[in-house]
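Colleague:
There are 2 protein chains.
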Amino acid sequence: MSTKKQLKLGAFLPGSGHHLAAWRHPNAQADGGLNFQHYKRLAQTAERGKFDMVFLADGVAVRERGPGKEALSRTTVVHFEPLTLLSALSVVTEHIGLTATVSTTYNEPYHLARKFASLDHLSGGRAGWNLVTSATEVEAKNFNRDRHMEHTLRYERAKEFVDVVTKLWDSWEDDAFLRDKESGIYFDRDKLHIPDHKGEHFSVKGPLNVARPVQGYPVIIQAGSSEDGKNLAAQTAEVIFTAQQTLEEAQAFYTDVKSRLTQYGRSPDSLKIMPGIFPVIGKTEQEAKDKFEQLQELIDPHVGLGLLGGMIGGFDLSNYPIDGPLPELPETNGGKSRQKLLTDLARRENLTIRQLYLSIAGARGHRQTVGTPEQIADLLEDWFVNGGADGFNIMPPYLPGGLDDFVNLVIPELQRRGLFRTEYEGQTLRENLGLPRPVNQFSSRAGSPELVTVGAST
Amino acid sequence: MSTKKQLKLGAFLPGSGHHLAAWRHPNAQADGGLNFQHYKRLAQTAERGKFDMVFLADGVAVRERGPGKEALSRTTVVHFEPLTLLSALSVVTEHIGLTATVSTTYNEPYHLARKFASLDHLSGGRAGWNLVTSATEVEAKNFNRDRHMEHTLRYERAKEFVDVVTKLWDSWEDDAFLRDKESGIYFDRDKLHIPDHKGEHFSVKGPLNVARPVQGYPVIIQAGSSEDGKNLAAQTAEVIFTAQQTLEEAQAFYTDVKSRLTQYGRSPDSLKIMPGIFPVIGKTEQEAKDKFEQLQELIDPHVGLGLLGGMIGGFDLSNYPIDGPLPELPETNGGKSRQKLLTDLARRENLTIRQLYLSIAGARGHRQTVGTPEQIADLLEDWFVNGGADGFNIMPPYLPGGLDDFVNLVIPELQRRGLFRTEYEGQTLRENLGLPRPVNQFSSRAGSPELVTVGAST
Chain U
1 MSTKKQLKLG AFLPGSGHHL AAWRHPNAQA DGGLNFQHYK RLAQTAERGK FDMVFLADGV
61 AVRERGPGKE ALSRTTVVHF EPLTLLSALS VVTEHIGLTA TVSTTYNEPY HLARKFASLD
121 HLSGGRAGWN LVTSATEVEA KNFNRDRHME HTLRYERAKE FVDVVTKLWD SWEDDAFLRD
181 KESGIYFDRD KLHIPDHKGE HFSVKGPLNV ARPVQGYPVI IQAGSSEDGK NLAAQTAEVI
241 FTAQQTLEEA QAFYTDVKSR LTQYGRSPDS LKIMPGIFPV IGKTEQEAKD KFEQLQELID
301 PHVGLGLLGG MIGGFDLSNY PIDGPLPELP ETNGGKSRQK LLTDLARREN LTIRQLYLSI
361 AGARGHRQTV GTPEQIADLL EDWFVNGGAD GFNIMPPYLP GGLDDFVNLV IPELQRRGLF
421 RTEYEGQTLR ENLGLPRPVN QFSSRAGSPE LVTVGAST
Chain R
1 MSTKKQLKLG AFLPGSGHHL AAWRHPNAQA DGGLNFQHYK RLAQTAERGK FDMVFLADGV
61 AVRERGPGKE ALSRTTVVHF EPLTLLSALS VVTEHIGLTA TVSTTYNEPY HLARKFASLD
121 HLSGGRAGWN LVTSATEVEA KNFNRDRHME HTLRYERAKE FVDVVTKLWD SWEDDAFLRD
181 KESGIYFDRD KLHIPDHKGE HFSVKGPLNV ARPVQGYPVI IQAGSSEDGK NLAAQTAEVI
241 FTAQQTLEEA QAFYTDVKSR LTQYGRSPDS LKIMPGIFPV IGKTEQEAKD KFEQLQELID
301 PHVGLGLLGG MIGGFDLSNY PIDGPLPELP ETNGGKSRQK LLTDLARREN LTIRQLYLSI
361 AGARGHRQTV GTPEQIADLL EDWFVNGGAD GFNIMPPYLP GGLDDFVNLV IPELQRRGLF
421 RTEYEGQTLR ENLGLPRPVN QFSSRAGSPE LVTVGAST
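So the protein sequences, as listed, match chains U and R.
Going by the UniProt record's numbering, the first residue of the first sequence is number 1, and it counts up by one from there.
Going by the UniProt record's numbering, the first residue of the second sequence is number 1, and it counts up by one from there.
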């Protein structure tokens, strides 16, 4: 095994792929979001590529696709609920981590702690939870509310939510269960700890009716980049997925977040920063460009306008000439900074409406890279060795083809350079990521603020 | 295929089995509740036996085991969360239904509709939902409450919950998704129906972000036997699990519930009544009796007293001589009728405290039967042909051994008599149970109150 520090990889797998027109691509599975055989193949391909984890995004509503009615019926709108899908995938994979987004806003800590603990036991320690808050009106309206919860309140709730969930995971010590048929003793009463949490947002007694997860806690992931988000991550996250456009931006984010860890007594290594990368791969640069162009041409203008209209604050652009300039926009209530970013970009580069939506249709804020396997490996190496990233969340443009390309062409190149594993180091996701296994906060050994590191078993 | 009417079978599978001391039995898996290989084997065994479905009970807390601290540490207290477990089992089975309890009291309809729809897609139409309300204080305390919700309110909430869930399942018509790569149209806008439910307990806009379930709706199961429970079942349930001691009681329940169906425009066949049966099987009657005795001897007195104490209203019996009579009991707040039932039984049969708990330790109110395969088949046939049951929910005393016995010894006897299938009739749980596939309430065909019956495809 190489002693060189190696990067970590997530495979971010929406049903048909990340590009706005992915489902229309000839190598994409149009019904991928609800096709288990497709997901089974994806997860097994990612495992063949030695990815650390599969990652699934989620939301508790059909996402809006901008103003107007035309865009929605031209986009993928239905998909598996992630915890059920990951549970099924646990049976057809052996090594790869199984991670998904679940919101803290419209869930209860007891349900969430239970489901992730259950997945962790089903998979032998491969579960991971991407903690988010829900910030859209369409989600609020599915949960007895007219509008979404205010930002600060959402984050306060999220922070307490994690406290409760980790207490529930610690209800039982790792060796609480004796199951001694002879004496009839099922568990050691001294190793049961009833959380009895009473806080601002939650009152949860416990204990959990699932044993402590195999990993102690499933790996905790976050993606917030607001101040509240970064602070919550510095306290509780072990992986951050983030969108960064340039090495300089990535370095700034990396330094910022890592420096926040010390105030919580955490080492820089205990949090892995993984920017999203949208790779379009060709055997030659020209082939890659042609592939990207093919995808761009599949974008229906209604869908492009819907995406752009949504990102500039819900403004309907369908009455403006698509090959003309972006009009002056009214003030928006939400997403001011994103509106300004896009307006500035359009003015600076003199883009038409169509050119503007094409420029964001691939990776939507994540780093896009179109080139040969060597060129893409160069980019990943550059960011990794220069303090911009601990690894990457790979966002294939279309699926399954885009993941096949990455595993067949880019992974071997990263391995040749010694930048990526050729075999899994450990049994659990936590071990593969090189993260410490949390000590039970209620056990007698838990006095020290340091976490006990469980070495990867190789 | 036989044209004789045949009975339906559920396999009710708690981790180690149903008997109070199951986990201590030499043929029981003591860690069964959290052992996926064990559950995989159980589900495959039940499928080999052509069972209609696997059934999992559930609660959102560690169950109380009566007053005092001694009983809890001697009983199984942890197990998989059922939806994650069933999703994993969907991958290792092909025909058998996958059904589980989820409470309407501490859940949200959007989450529940999504998860069961997702499981139904993962399994190709094999999901079933056992609708319950949560009635214990230990559950309330895990969800920000001091005490459980009042009975009538729970049932009002449950009724509205089902309304919302079925509306969400009907968000998309069966053929809504065109996924036409050429035209770029993903779904037919005329076949999307936004529920926009606003009621007493829930305000849920929708649509669901999962396509309509393969079965239209997953099969809806209930187990309530109160007046509220029976009325809710008559309106919404397709299967009822029930506890009946004698043929006469079973017939009375059967007639009562079936007669309630007509006022909701439903046919008697659209609801299957399946009492629980706890079978202890021996090749001879003596072998069966010895097997049962072996289980009874494994009951730790603390656990027996805990069970009995809980069932008579939370009264601590540990200070009374275990081989003496049941003392006079104080009035209880809850479960008055159960307290009276047990007190009467003890007086009538002159039972000691130990004898009383032994009498309920096996099936806890369900019908217990100890005998040869022929004797057990006789019982099932008697209840089935004489209007006491449409089928049975089989509760093996210990697992895996008790299920193996039933599949190897009783199923062939039922098949010889023409009472049970030798091959699955349909592709989905609904088809195997002979239940109609619900028409989408929002589609143009849905004007008639009659449900369209989709024939089993054989």
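We treat Cβ as the ideally placed atom computed from N, Cα and C, and that holds for glycine.
By how many angstroms is the C-alpha of residue 131/R removed from the C-alpha of residue 142/U?
Modeller: Answer to the nearest angstrom: the Cα atoms are 20 Å apart.
Colleague: So residue 144/R contacts chain U; which residues on that side make the cut at Cβ distance below 9 Å?
Modeller: What residue 144/R touches in chain U: 108, 201, 202, 203, 204.
Colleague: Using the Cβ count rule (16 or more neighbours within 10 Å means buried), how would you classify residue 348/R?
Modeller: Exposed: under 16 other Cβ atoms inside 10 Å.
Colleague: Run through the stretch 262-306 of chain U for me and flag every whole beta strand (DSSP E) of 3 or more residues, listed as ranges in chain order.
Modeller: If we require 3 residues or more, the beta strand (DSSP E) runs fully inside the stretch 262-306 of chain U come out as 272-281.
Colleague: Between which two residues does the beta strand (DSSP E) harbouring residue 100/R extend?
Modeller: Start and end: 97-103.
Colleague: Please list, in chain order, all residues of the same chain as residue 454/U whose beta carbon is under 6 Å from its beta carbon, the five residues on each side excluded.
Modeller: Annotation note: pLDDT 36 at residue 454/U (below 50); position unreliable, coordinate value reported separately. Contacts found: 437.
Colleague: For residue 56/R, which of helix, strand or coil comes out of DSSP?
Modeller: Note: residue 56/R maps to strand in three-state DSSP.
Colleague: Leaving out five residues on either side along the sequence, give the residues of the same chain with a beta carbon under 8 Å from the beta carbon of residue 229/U.
Modeller: Around residue 229/U: 155, 222, 223.
Colleague: When we look at the beta-carbon of residue 146/R and count the other beta-carbons within 10 Å, is it buried (16 or more) or exposed?
Modeller: When all chains shown are included, residue 146/R counts as exposed.
Colleague: Looking at the C-beta of residue 186/R, does it have a partner C-beta in chain U at a distance below 8 Å?
Modeller: Yes, residue 186/R counts as interfacial toward chain U.
Colleague: Got a sec: is the Cβ-Cβ distance from residue 23/U to anything in chain R below 8 Å?
Modeller: It does: the Cβ of residue 23/U has a partner Cβ on chain R nearer than 8 Å.
Colleague: In whole angstroms, what separates the C-alpha of residue 376/R from that of residue 63/R?
Modeller: Using only the alpha carbons, I get a separation of about 31 Å.
Colleague: So who's on the other strand from residue 385/U, going by DSSP bridges?
Modeller: Bridge partners of residue 385/U: none, in fact.
Colleague: Roughly how many angstroms separate the alpha carbons of residue 20/R and residue 303/R, rounded to a whole number?
Modeller: Roughly 8 Å between the two C-alpha positions.
Colleague: Against chain U, with Cβ distances strictly below 8 Å, would residue 456/R count as a contact?
Modeller: Unreliable positioning characterises residue 456/R in this predicted model, as indicated by a pLDDT of 34, which lies under 50. The coordinate reading is nonetheless provided below. Residue 456/R does not count as touching chain U.
Colleague: Could you check whether the Cβ of residue 443/R sits closer than 8 Å to any Cβ belonging to chain U?
Modeller: Taking Cβ atoms only, chain U never reaches closer than 8 Å to residue 443/R, which makes this a no.
Colleague: For a contact defined as C-beta to C-beta under 8 Å, what are the partners of residue 163/R on chain U?
Modeller: Those do not exist, as residue 163/R stays about 14 Å from chain U at its closest Cβ, beyond 8 Å.
Colleague: DSSP puts residue 221/U in a beta bridge; with which residues?
Modeller: Answer is 130/U, 239/U.
Colleague: Select from the stretch 77-106 of chain R all residues with a C-beta closer than 9 Å to any C-beta belonging to chain U, and list them in chain order.
Modeller: Those residues of the stretch 77-106 of chain R that come within reach of chain U (Cβ to Cβ, closer than 9 Å) are 77, 78, 79, 80, 81, 82, 83, 84, 85, 86, 87, 88, 89, 90, 91, 92, 106.
Colleague: Kindly confirm or deny that the stretch 55-72 of chain U and the stretch 94-105 of chain U touch, where touching means at least three C-beta pairs closer than 8 Å.
Modeller: Flag = yes, the stretch 55-72 of chain U and the stretch 94-105 of chain U touch.
Colleague: So, residue 43/U versus residue 92/U, is the Cβ gap smaller than 8 Å?
Modeller: The answer is yes: Cβ separation under 8 Å.
Colleague: Pick helix, strand or coil for residue 393/R, following the three-state DSSP scheme.
Modeller: If DSSP states are grouped into helix, strand and coil, residue 393/R belongs with the strands.
Colleague: Take residue 397/R as the anchor and find which of 289/R, 144/R, 199/R, 443/R has the nearest alpha-carbon.
Modeller: The shortest C-alpha separation from residue 397/R is found at 289/R.
Colleague: Hey, residue 389/U and residue 250/U: beta-carbon distance below 8 Å or not?
Modeller: Contact flag set, yes.
Colleague: Could you tell me which whole alpha helix (DSSP H) segments of length 4 or greater appear in the stretch 141-199 of chain U?
Modeller: For the stretch 141-199 of chain U, whole alpha helix (DSSP H) runs of length 4 or above, ordered along the chain, are 151-169.
Colleague: Can you give me the Cβ contacts of residue 411/R inside the same chain, cut-off strictly under 6 Å, excluding the 5 residues immediately before and after it?
Modeller: Hits under 6 Å: 49.
Colleague: Short of 8 Å Cβ to Cβ, which residues in the stretch 124-137 of chain U face chain R?
Modeller: Residues: none.
Colleague: Measuring CB atoms only, is the stretch 210-222 of chain R touching the stretch 421-435 of chain R, in the sense that at least three cross pairs come out at less than 8 Å?
Modeller: A contact exists between the stretch 210-222 of chain R and the stretch 421-435 of chain R.
Colleague: Which residue comes first and which comes last in the alpha helix (DSSP H) that contains residue 210/U?
Modeller: Premise fails: residue 210/U is in no alpha helix (DSSP H) and is neither H nor E.
Colleague: Got a sec? Which residues, its chain only, sit under 8 Å from residue 26/R by beta carbon, not counting five neighbours each side?
Modeller: For residue 26/R, where only same-chain residues beyond five positions count, there are no Cβ hits under 8 Å.
Colleague: Check the DSSP bridge columns for residue 10/U and list the partner residues they point to.
Modeller: Answer is 53/U, 393/U.
Colleague: Looking at residue 279/R and residue 243/R, is the spacing between their C-beta atoms short of 8 Å?
Modeller: No, Cβ-Cβ distance for residue 243/R and residue 279/R is not below 8 Å.
Colleague: For residue 309/U versus residue 298/U, is the C-beta distance shorter than 8 Å?
Modeller: Contact flag unset, no.
Colleague: Taking the alpha carbon of residue 374/U as the point to measure from, which residue in 14/U, 38/U, 416/U, 150/U has its own alpha carbon closest?
Modeller: Minimum Cα distance to residue 374/U is reached at 416/U.
Colleague: Cutting at 7 Å between CB atoms, please list the residues of its own chain near residue 117/R, excluding the five before and the five after it.
Modeller: The residues are 169, 208, 210, 213.
Colleague: What are the boundary residues of the beta strand (DSSP E) that residue 45/R is part of?
Modeller: Element bounds for residue 45/R: not the beta strand (DSSP E) but the alpha helix (DSSP H), 36-48.
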